[in-house]
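Comments concern the structure below.
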Amino acid sequence: MATSWPQQAAWPTEVREHATPLSKYLQDVLHCVEQAQEQPILANLVKSMILGMASLVAKVINMADVRSISETLNIIQTQVKIEANITALTLYEIKDDMERTATKLRSSTRDSSSEDRFFSARVIRQRKPTEAMLPLSSDSTSHDVR
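Residue 89 in full-length UniProt numbering sits at position 89 of the sequence shown; the count goes up by one each step and never skips.
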């Protein structure tokens, strides 16, 4: 009696989906080969096994190296942290500069206000003696200057 061979499979494109049925298929074929002993193996079954394995190997070769992706992500993460720290430091410096500028402006405004009051008082003091020297009259438009 001839050994019944496993069904040929259409191999999926995703590696993990491919590897699982291929592994099961190859285990089934190995079991059939062991049972067949001296019986000939059909060429189309051997061809199917070789195509399945070659396809899986090609997919594995073309897969991205997870370690290199992880290292690249770690480098990017480190660079982002550095940039975040630089940005935070720059913002702190800008805030500090703004506070110093605001303090200088307040001081300058106070000084200007004090100077204005000083000069206003001085003008008023100088004006009082001048007004006292003017003759008083009921008609403010006529000044008798002799």
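C-beta atoms are modelled at their ideal positions from N, C-alpha and C, and glycine is treated no differently.
C-beta atoms of MET53 and VAL29 nearer than 7 Å
Here residue 53 is taken as the residue at index 53 of the sequence shown, counted from 1. Here residue 29 is taken as the residue at index 29 of the sequence shown, counted from 1. Taking 7 Å as the Cβ cut-off, MET53 and VAL29 do not qualify as a contacting pair.
inquiry  = Can you check which of these residues, VAL60, GLU38, LEU45, is closest to ALA19 by C-alpha distance?
reply    = Translated into positions along the sequence shown, residue 19 becomes position 19. For the set VAL60, GLU38, LEU45, the Cα lying nearest the Cα of ALA19 is the one of VAL60.
Please specify which runs of the alpha helix (DSSP H), each continuous and at least 4 residues long, are wholly inside the stretch 53-122, giving them in chain order.
-> Correct list: empty.
- Message: Going by beta-carbon coordinates alone, are LEU56 and LEU22 separated by less than 7 Å?
- Response: Taking the sequence shown and counting its residues from 1, one reaches residue 56 at position 56. Taking the sequence shown and counting its residues from 1, one reaches residue 22 at position 22. Yes, the Cβ-Cβ distance between LEU56 and LEU22 is below 7 Å.
Just mark TYR92 as buried or exposed, buried being the case when its beta carbon has 16 or more other beta carbons within 10 Å. Within the sequence shown, residue 92 is the residue found at index 92, counting from 1. Answer is exposed; the Cβ neighbour count stays below 16.
Q. Does DSSP put ILE41 in a helix, in a strand, or in coil?
A. Here residue 41 refers to the residue found at position 41 of the sequence shown. Reduced to three states, the DSSP call for ILE41 is coil.
Roughly how many whole angstroms lie between the Cα atoms of ASN74 and LYS24? As a working note, residue 74 is residue 74 in the sequence shown. As a working note, residue 24 is residue 24 in the sequence shown. Our two residues, ASN74 and LYS24, have alpha carbons roughly 37 Å apart in a direct line.
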